[in-house]
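Since the structure comes first, as structure tokens, the remarks are kept for the end.
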Amino acid sequence: MVVKVYGPDYASPKRVMVCLLEKEIEFETVPVDLITGENRSPEFMKLQPFGSLPVIQDGDYTLFESRAIIRYYAEKYKSQGTNLLGKTIEDQGLVQQWLEVEAHNYHPPLNNLVLHILFSSVLGFRRDEQVIKESEEKLGKVLDVYEDRLSKSRYLAGDFFSLADLSHLPFTSYLVGGVGKEYMIKERKHVSGWWDEISSRPSWQKVLQLFKTPFE
Amino acid sequence: MVVKVYGSIRAACPQRVLACLLEFGVDFELINVDLDSNEHKQPEFLQKQPFGQVPVIEDGDFRLFESRAIMRYYARKYADRNPKLYGTTLDEKALVDQWLEVEAHHFNDMVYTIVLQKLVIPKMGGKPDLALVQNCEKKLEKVFDIYEQQLSKNRYLAGDCFTLADLSHLPGIRYLINEAELGHMVKEKKNVNSWWCDISNRVAWKKVMQLME
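As structure tokens, then:
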């Protein structure tokens with residue numbers, strides 16, 4: 453039975469899809485339209501009570517929260533595809549650390565930029581220039597820490613590509629694309645090198661090819 | 003060797019780590035970081051945690067930050083001491099991770115904003131954004147509605163056993179009830195209230211509360 457991933461057009465589900473591709477796990481997708489509020493329908497909320505994307509169904513098993521899903525598959529299929537967890541318990545600890553950094557420090561200001569710059573008109577709320585300005589500043593400070601880290605380490609958790617790096621792919625893709633702030637990555641030598649490397653991985657290229665964004 | 007935990011006993015994220023270490027029977031030494039004097043933003047501390055946040059742990063040569071990463075690390079390292087805390091099968095573990103993510107994104111963001119606006123900003127002499135607080139309270143009510151449903155089916159968030167997902171809520175709910183005076187959000191909901199009474203009465207959490215005094 454093939455894993456079902458809900459909401460493939462959107463960024464958080466893409467975090468799951470690129471992970472499944474790295475792990476060579478077959479999946480199919482089920483479209484969910486955020487713009488028309490399909491994620492708020494009673495049927496969808498039975499699967500995901502918070503109305504967020506993604507959800508996966510693997511036979512009888514349902515799981516939501518993209519970073520929980522990627523942790524699950526990275527471990528379940530540890531011996532298949534790319535090892536995304538490192539070799540030792542300490543390696544894994546560092547993967548978890550940088551995954552948490554992505555979730556709590558990197559994602560929130562970047563999500564604000566994506567929401568206000570890309571989604572405000574389609575979702576019908578006011579684009580707030582003050583939020584954009586403050587979010588860009590916050591994200592810049594986080595990227596400065598990344599620049600320092602990546603000057604000493606090839607990838608975030610060490611010398612291996614992991615869930616922590618992978619988790620950055622979908623929203624950073626928005627940052628350098630539709631959000632129009634590629635300079636934030638390009639101006640930082642080591643962040644730029646890291647971004648070029650992780651975004652050119654075949655798994656991510658396949659996601660970009662096969663699954664559109666809401667703006668294409 | 004004793005694990006060094008850098009942070010303040012009064013701050014939520016260090017409390018989360020201490021409760022976890024106590025659940026696993028891991029000896030620790032709490033090294034105070036004075037948040038009021040901005041010690042966490044000074045160069046010496048930034049060497050340990052470049053984002054200027056608490057806690058950080060040092061376990062011999064190994065250093066780790068982000069409270070939920072630290073919990074997962076020790077849950078893995080000492081799984082044999084308390085296997086149910088992070089699920090005994092991969093499927094169970096993923097449900098723990100799912101509810102940990104819910105706590106981190108849906109619950110924590112609201113509590114953090116409420117605490118910042120109602121407590122921290124006035125303390126620093128600033129004016130709180132009451133509209134924002136009201137908005138967060140409304141969102142938090144909806145989150146608790148979902149928890150009420152979930153806890154009508156299971157004794158704990160991820161299933162029948164107490165796990166890291168429940169533990170992770172302890173510091174935030176404590177703040178809501180005490181300093182933020184929003185205890186009614188918990189007490190008004192039958193299942194959430196029983197769950198809170200259960201988890202806040204655990205020996206490990208009571209020890210953390212003792213350390214606070």
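First to last, the sequence lines map onto chains B and G.
Okay, so the first sequence: first residue is 453 according to this note's numbering, each after it adds one.
Okay, so the second sequence: first residue is 3 according to this note's numbering, each after it adds one.
Note that the Cβ used here is the ideal one computed from N, Cα and C, for glycine as well.
Distance, Cα to Cα, residue 476 of chain B vs residue 22 of chain G? 35 Å
How about the region 8-27 of chain G and the region 163-183 of chain G: do they share at least three Cβ pairs that are nearer than 8 Å? yes
I'd like the list of long-range same chain contacts for residue 480 of chain B, defined as Cβ closer than 7 Å, with 5 residues on each side in sequence excluded. 454, 456
When the distance is taken between beta carbons, is residue 167 of chain G closer than 8 Å to residue 178 of chain G? no
At a Cβ threshold of 8 Å, is residue 64 of chain G touching chain B? Yes, residue 64 of chain G counts as interfacial toward chain B.
Separation of residue 557 of chain B from residue 601 of chain B, as counted between CA atoms: 14 Å
If you measure beta-carbon to beta-carbon, which residues of the region 508-530 of chain B are closer than 7 Å to chain G? 513, 515, 516, 517, 519, 520, 523, 524, 527, 528
Any idea which residues DSSP pairs residue 456 of chain B with across the strands? B:480, B:509
Would you give the residue range spanned by the beta strand (DSSP E) that residue 62 of chain G belongs to? Note, residue 62 of chain G: premise wrong, no beta strand (DSSP E); not H, not E.
Can you check whether the C-beta of residue 171 of chain G is within less than 8 Å of a C-beta belonging to chain B? no
Mapping DSSP to helix, strand and coil, what is residue 537 of chain B? coil
Taking the CB atoms as reference points, tell me whether residue 184 of chain G and residue 139 of chain G lie closer together than 8 Å. yes
Rank G:31, G:13, G:26, G:144 by C-alpha distance to the C-alpha of residue 61 of chain G and give the top, closest one. G:31
For residue 587 of chain B, tell me which candidate among B:577, B:559, B:572, B:469 has the shortest Cα-Cα distance. Closest by alpha carbon: B:559.
What does the Cβ neighbour count give for residue 495 of chain B, buried or exposed, with the cut at 16 atoms within 10 Å? exposed
Same chain only: Cβ atoms within 7 Å of residue 143 of chain G, ignoring 5 sequence neighbours per side: 187
So who's on the other strand from residue 515 of chain B, going by DSSP bridges? B:508
Can you give me the C-alpha to C-alpha distance between residue 49 of chain G and residue 81 of chain G, rounded to a whole angstrom? 30 Å
is_contact[residue 477 of chain B, chain G] using C-beta, thresh 8 Å: no
Is residue 52 of chain G close to chain B? Criterion is C-beta to C-beta, closer than 8 Å. yes
Does DSSP classify residue 34 of chain G as helix, strand or coil? Correct three-state label for residue 34 of chain G: strand.
To the nearest angstrom, how far is the alpha carbon of residue 108 of chain G from that of residue 629 of chain B? 27 Å
Identify the continuous alpha helix (DSSP H) that holds residue 149 of chain G and give its terminal residues. 132-155
Between residue 510 of chain B and the rest of its own chain, which residues show a CB-CB distance below 6 Å, the 5 nearest in sequence each way excluded? When the five nearest sequence neighbours on each side are left out, the beta carbons in the same chain lying within less than 6 Å of the beta carbon of residue 510 of chain B are those of 455, in order along the chain.
Closer than 7 Å, Cβ to any Cβ of chain B: which residues of the region 75-89 of chain G, in chain order? 75, 78, 79
Can you say whether residue 471 of chain B is buried or exposed, counting buried as having 16 or more other CB atoms within 10 angstroms of its CB? buried
Could you name the residues of chain G that residue 532 of chain B contacts, counting a contact when the two beta carbons are closer than 9 Å? Ordered by position in chain G, no residue passes the 9 Å Cβ test against residue 532 of chain B, which lies about 14 Å from the chain.
Starting from the Cα of residue 530 of chain B, find the closest Cα among B:513, B:512, B:615, B:566 and give me that residue. When each option's Cα is compared against that of residue 530 of chain B, the closest is B:615.
At a cut of 8 Å, does the region 515-524 of chain B reach the region 103-123 of chain G through at least three beta carbon pairs? With the cut-off at 8 Å, the region 515-524 of chain B and the region 103-123 of chain G touch.
Counting only beta-carbon atoms, is residue 148 of chain G nearer than 8 Å to chain B? Yes - at least one Cβ of chain B is within 8 Å of the one on residue 148 of chain G.
Using CA coordinates, which residue listed in G:131, G:110, G:93 is at the minimum distance from residue 512 of chain B? Residue 512 of chain B has its Cα closest to that of G:93, out of G:131, G:110, G:93.
Secondary structure of residue 6 of chain G, DSSP reduced to three states: Strand at residue 6 of chain G.
Nearest to residue 678 of chain B by CA position, among G:42, G:157, G:54, is which residue? The displayed coordinates of chain B run from 453 to 668. Any statement about residue 678 of chain B would go beyond what the structure contains.
Considering only their Cβ atoms, is the gap separating residue 612 of chain B from residue 566 of chain B smaller than 8 Å? no
What first and last residue would you give for the alpha helix (DSSP H) that runs through residue 556 of chain B? Careful: residue 556 of chain B lies outside any alpha helix (DSSP H) and carries neither H nor E.
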